[in-house]
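Notes to accompany the following structure.
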Amino acid sequence: MDSPIDLVALYKSSEKNIERNFSEPSILESTWLLETLGNNFGNPKDSIKKYEEKAVFTSSTDNISNIEKLKNTKIRLYTEPDTLWWKKNRMADYDQMNAFYIKKLYESLKTKGFNNVEYIPTTNKGYRANGERHPHSWAIVDKNDLINWMLTK
């Protein structure tokens, strides 16, 4: 559900956010991410293997080693690629969004024979419990549809 699946991309996006110095939430989160990822794995320029060992997907190397055994498992990838919201609120480019890497993962899995994977982009469903608009929200998932999918496939 719109999760950050590419840790190398997350690291690089955090660097951009700090350089850009646009939004306090973005800077705080990016500072924490760089510190956490850096302390645990180092800089991906020097130690990409450490990132690949833990990430779901590393787009720069097309690495899916951590999920390749799920080839015959049904998978749904949800995201709300609201580029306008991300640009306005975080000054983020599409290639900094989870949505970008989720779609890339979907495409990679399909080319590798993952026949039970679905990509579900939503529109205008991302709202937090307090009513605040935020496309990075679990509200993007239609709960009844997901439960029905789990029970019937």
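For reference, each letter of the sequence shown is one residue, going 13 to 165 in our numbering.
We put the CB at the ideal spot given by N, CA and C, even for glycine.
Between residue i and the rest of its own chain, which residues show a CB-CB distance below 6 Å, the 5 nearest in sequence each way excluded?
i, result
"residue 23", "49, 56"
"residue 133", "91, 93"
Do residue i and residue j have their C-beta atoms within less than 8 Å of each other?
i, j, result
"residue 118", "residue 131", "yes"
"residue 6", "residue 109", "Outside the shown range of the chain (13 to 165) lies residue 6, about which nothing can therefore be said."
Closest to residue i by CA distance: which of the options is it?
i, options, result
"residue 38", "99, 80, 19", "99"
"residue 82", "150, 62, 164, 126", "126"
"residue 101", "85, 29, 43", "29"
Quick check on the burial criterion: 16 or more other C-beta atoms within 10 angstroms. Buried or exposed for residue i?
i, result
"residue 106", "exposed"
"residue 143", "exposed"
"residue 21", "buried"
Can you give me the Cβ contacts of residue i inside the same chain, cut-off strictly under 7 Å, excluding the 5 residues immediately before and after it?
i, result
"residue 18", "67, 69, 70, 71, 113"
Considering residue i, what are the terminal residues of the beta strand (DSSP E) in which it resides?
i, result
"residue 90", "87–91"
Taking residue i as part of the alpha helix (DSSP H), name the residues at either end of that continuous run.
i, result
"residue 133", "Not the alpha helix (DSSP H): residue 133 falls in the beta strand (DSSP E), residues 129–133."
"residue 119", "110–123"
"residue 139", "Neither: residue 139 is in no alpha helix (DSSP H) and is coded neither H nor E."
"residue 157", "155–164"
"residue 45", "36–53"
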